[in-house]
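Residues in the sequence shown are numbered consecutively from 15, following our numbering.
Positions of the beta carbon are idealized from the N, C-alpha and C atoms, including for glycine.
Contents: one structure, followed by commentary.
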Amino acid sequence: MEFIDTHTHNYDEAYKGCEDEVIGRAVAAGVTKLLQADVDSSERDSMFSLCDRHPGVLYPMLGLYPGSVQENWKDEIDAMLPYRSKGVVAVGEIGLDYHYCEDTKELQKEAFRTQLELAAQWDLPVNIHLREATEDFFSVIKDCGHLGLRGNLHAFSGSLETFERLRKYGDWYVGIGGVVTFRKAGIGREIAKFPLDRILLETDSPYLTPTPHRGERNESAYIPLIAAFIAQSKGISIEEVAAQTTQNARKLFRI
């Protein structure tokens, strides 16, 4: 079986000194490709350096995370541009987050819209971070409907109805991670309803560790646990989940 982790942060400080070991465990578990979500200029060089050490395994994204959006957001986006030619597979993670960053709402919307336009210009998919900003998100996405967007909602925990609403505005997938295995998580009950050809696997490691490893640092090697939960929920084999989600990732990110 082959798996792809479509959203991880192997360059994070949580892995300092053991990055290669963690990546090796992922590959040994069948997770052959790990997509690295960008946050801002403070960590970008570390991410690209790690990707250079693991060609064909690690793939970089390029984006300004909503939690990093401040008054200088235009400078941050300008700082992204020199990296465009370095094997970037998506613009991400971008989006809106009003949970911790409500005071930057308007700036976030401006930065989000600008990066959607960049993704269209570069013919790249987008990797979306969305938290407690659903209606503003849909307002921006609807306004950008003419861009022909494609991408995924990372760490998706919403309903099938929300996803179907999104599909009116482009070619969209959902990124399903460790939260699906949490006992009280709504997405754990909803996931059986989602079409398998619209599901991507992810960890968001080092965060959101799946059961039975909750409380530990997350790793891409745990992707098979997420796949197994989806398979059980749908009454299908893990091999089918692996094959279809890998095909989905290859198609969306062109890897």
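- By DSSP's assignment, residue 220 forms no beta bridge with any residue.
- The beta carbons of residue 189 and residue 160 sit about 25 Å from each other, so the pair does not count as a contact at 8 Å.
- Secondary structure of residue 192 (DSSP, three-state): helix.
- The beta carbon of residue 129 is closer than 8 Å to those of 77, 78, 91, 105, 108, 140 in its chain, skipping five residues each way along the sequence.
- Residues of the same chain with a CB within less than 7 Å of the CB of residue 39, apart from the 5 flanking positions on each side, are 233, 235 in chain order.
- Across the set 96, 113, 81, the C-alpha of 81 shows the shortest separation from the C-alpha of residue 121.
- Here residue 145 is bridged, per DSSP, to 111.
- Taking the C-beta atoms as reference points, residue 58 is found nearer than 9 Å to residue 94.
- Out of 172, 49, 206, the CA that lies nearest to the CA of residue 245 is found in 206.
- DSSP places residue 240 within a helical segment (H, G or I) once states are collapsed to three.
- Non-local C-beta neighbours of residue 61 in its own chain, meaning closer than 7 Å and more than five positions away in sequence, comprise 25, 50, 52, 74, ordered along the chain.
- Distance from the CA atom of residue 180 to the CA atom of residue 152, rounded to whole angstroms, is 8 Å.
- Apart from the 5 residues on each side of it in sequence, residue 218 sits with its Cβ closer than 6 Å to the Cβ of 21, 169, 191 in its chain, given in chain order.
- The beta carbons of residue 150 and residue 119 sit closer together than 9 Å.
- Closest in C-alpha terms to residue 56, from the list 27, 31, 70, comes 27.
- Secondary structure at residue 228: coil, using DSSP grouped into helix, strand and coil.
- Annotation: residue 267 is outside any beta strand (DSSP E); the continuous alpha helix (DSSP H) that includes it extends over 252-267.
- With a threshold of 16 other beta carbon atoms within 10 Å, residue 33 meets it and is buried.
- Between residue 185 and residue 143, the C-beta gap is not smaller than 9 Å, which leaves the two residues out of contact.
- Judged by DSSP secondary structure, residue 177 falls within the alpha helix (DSSP H) whose first and last residues are 174-180.
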